[in-house]
Amino acid sequence: MILLAGASSDWLAGAKAQTADESAAGNPDNELCLACHGAEGFGVPGDDGEMRHLEIRPGNFGQSVHGRRACVECHKDVVEIPHRTNVDRKVGCVQCHRDLWDTARREGKTAEFGRLGEVVQQIESYMHSIHARPNIEDQSRTNATCYNCHNAHYIYPIDSEIGALSRLEIPNICGKCHSEQRDVYLTSVHGKEVSLNANPYAAVCIDCHTTHTIESPEIDSIKLAITQNCGNCHDEELETYTGTYHGQVSTLGYAYTAKCFDCHGYHDIQRVAEPASRVHESNRLETCQKCHADATAGFITFQPHGNTGDFDRSPHMWIASKFMIGLLAGVFAFFWTHAALWFYREYQDRKEGKNRPHVQVDKLPSGGKTYVRRWPAIWRIAHFLFAVAIMTLVLTGTSVLYGESAWAQLVMTLLGGPQVAAFLHRIAAGTFIFLFIGHLVYFFIYLTRNWRTWRVFGPNSMVPNWQDMWDVIAMFKWFFGLGPRPVFERWSYWEKFDYWAPFWGMVIIGISGAMLWFPAETAAF
């Protein structure tokens, strides 16, 4: 207070020394302005009879980003002291900053005034925000002006100590207009950290709603932006969320699936362990039922933040993930090596003149004029439908799985969105299941008709046998030139692998897909 009083006294003393001629020149300096406005408790009666406080604290103003600017640079209609009583109360922050930036650009000083450039960009964002639009109840004013949020005279550098502390005042600043939301926020885990612990890292309004690009939270793009903003503090939770179907669809740019605030709340977010939390175990089912009306008690066992990289939190997911990665790497490593060695062996044989035709036409009974139909029409149709189903499943599935990729977003747009893609995915899945079951039925009928002669491990069976192991060894000997090319039974070991692989995929992918298709029914068991 002594420092402020001293500063005020100095400025008041300087104001008395200014001559009438200087005032008449049209550029009264700050000292003259503070002769009145620097006086403690200075104010004038307003139109409503209430006192309008017009006091400026010189010490605080001096520490602000505008501390070196002249009052009349903003209050342009004040050209003499004493000024008229009906001066314009509105100050043009927007145009002033734009003019300064234009000047800096003309003079080639944009690098020196980089922060000013950022402010101008923020102004452009503000001009397109909901705050810059006319107020519904009073079209003569905007919803919020710069100084409604920043204060008219005490805007401190964001990297200063006092600037960091002013962050804690943001809920109260926003609360001047959004009082209901502020009151709810102050009861939340974020609000308590601000109001009780003065935690400068706790989330405040601008962390979720942004500073200048504020829009209605009912707009899809804003819902998605707020979800991403949650990840600025909760990065691990955002990463695990984007691994779920909810998060994958959101990543693609569609806002109809559950997002952070749909489960945790908006302004009333509580710690999960708090009974008041929407995702507390006693409230979780009710929260889920807002979207999944038929959800049962088992539904809440779903792990929306299951982490395949965290064994302690998600051991089953960790084991399943590592097993599948190992299986995938092993299969690809074996068959890529198998294919590379095969190409090498074929190349060497051709160089040495050992290559032979795959079909010896001259040994056919008809001299090469006989055509053999390998598959009847029913099997050709089945294979065609099977191929189309697989390609559809892969296209629609991977587009969701890799939703952050530009190609996936393009494909999803061309398909008509995730809901259309889901419909196509399920049609393809139904076709796949129908063909799979049809094959099992055919095989069962075949066995009932040939059970006396059919051998499980015979040369015409698709069931792997010991001969397949010897064939693998013989094949690798041939690859390295250590033996002749082996002659296989009716089905080679790689053909048997290709045959049995869909059985594995059908069980794992089919069951997990059905669980996602019918989540409430799955959770009932």
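According to my numbering, the residues represented by the sequence shown are 301 to 825, in order.
For glycine and all other residues, C-beta sits at the position ideal for the given N, C-alpha and C.
- The alpha-carbon separation between D568 and K590 amounts to approximately 17 Å.
- Classified as buried, Y426 has 16 or more neighbouring CB atoms from the shown chains inside 10 Å of its CB.
- H616 has its alpha-carbon roughly 10 Å from the corresponding atom of D610.
- The beta-carbon separation of H605 and E537, rounded to 5 Å, stays under the 8 Å limit for a contact.
- In terms of Cβ geometry, R645 and F779 form a close pair [threshold 8 Å].
- Taken through DSSP and simplified to helix, strand or coil, T596 comes out as coil.
- By the C-beta density criterion, Y793 is buried, having at least 16 other C-beta atoms within 10 angstroms.
- Distance from the CA of Y799 to the CA of T698, rounded to the nearest whole angstrom, comes to 23 Å.
- Rounded to the nearest angstrom, the Cβ distance from L693 to H739 is 17 Å, too far for a contact under 8 Å.
- Counting C-beta atoms within 10 angstroms of its own C-beta, Y647 has fewer than 16 neighbours from the protein chains shown and is therefore classed as exposed.
- Taking all protein chains in view, the Cβ of P358 is crowded by 16 or more other Cβ atoms within 10 Å, so the residue is classified as buried.
- Taking each of F734, E789, R755 in turn and checking the Cα distance to M769, the smallest one comes out for E789.
- Judged by their CB atoms, A820 and A595 are nearer to each other than the 8 Å cut-off.
- Looking at the backbone, the Cα of C336 and that of K476 are separated by about 28 Å.
- Boundaries of the alpha helix (DSSP H) around V494: 489-495.
- By the CB criterion at 8 Å, I514 and I436 fall outside the cutoff.
- Taking one beta carbon from each stretch, the stretch 402-411 and the stretch 381-388 have fewer than 3 pairs nearer than 8 Å; the two do not touch.
- For the set T601, H478, G758, the Cα lying nearest the Cα of A824 is the one of T601.
- In this structure, the CA atom of R368 is about 34 Å from the CA atom of S479.
- Shown here, G810 sits in a helix according to DSSP, grouped into three states.
- Following the DSSP letters along the chain, one finds H534 in no beta strand (DSSP E), marked with neither H nor E.
- In the structure shown, T544 falls within a coil segment according to DSSP collapsed to helix, strand and coil.
- For H353, the secondary structure class from DSSP, reduced to helix, strand or coil, is strand.
- By DSSP's assignment, G343 forms a beta bridge with H353.
- Following the DSSP letters along the chain, one finds M617 inside the alpha helix (DSSP H) bounded by residues 615-651.
- The alpha-carbon of Q363 is positioned some 19 Å away from that of C393.
- Taking one beta carbon from each stretch, the stretch 721-737 and the stretch 757-771 have fewer than 3 pairs nearer than 8 Å; the two do not touch.
- Counting along the chain, A722 sits inside the alpha helix (DSSP H) bounded by residues 718-750.
- Counting C-beta pairs closer than 8 Å gives fewer than three between the stretch 699-708 and the stretch 741-759, which falls short of the contact rule.
- Only buried fits F361, as 16 or more other CB atoms lie within 10 angstroms of its CB.
- An exposed status is given to P784, since fewer than 16 other beta-carbon atoms sit within 10 Å of its beta-carbon.
- Of S812, I619, R433, G781, the smallest CA-CA separation from K654 is found for G781.
- Per DSSP, R406 is one residue of the alpha helix (DSSP H) stretching across 393-406.
- The shortest CA-to-CA distance from V711 to any of R571, W618, T510, G553 is the one to G553.
- Taking 8 Å as the cut-off, the beta carbon of L468 is found no closer than this to the beta carbon of P434.
- Taking C-alpha positions only, W636 is separated from L714 by approximately 34 Å.
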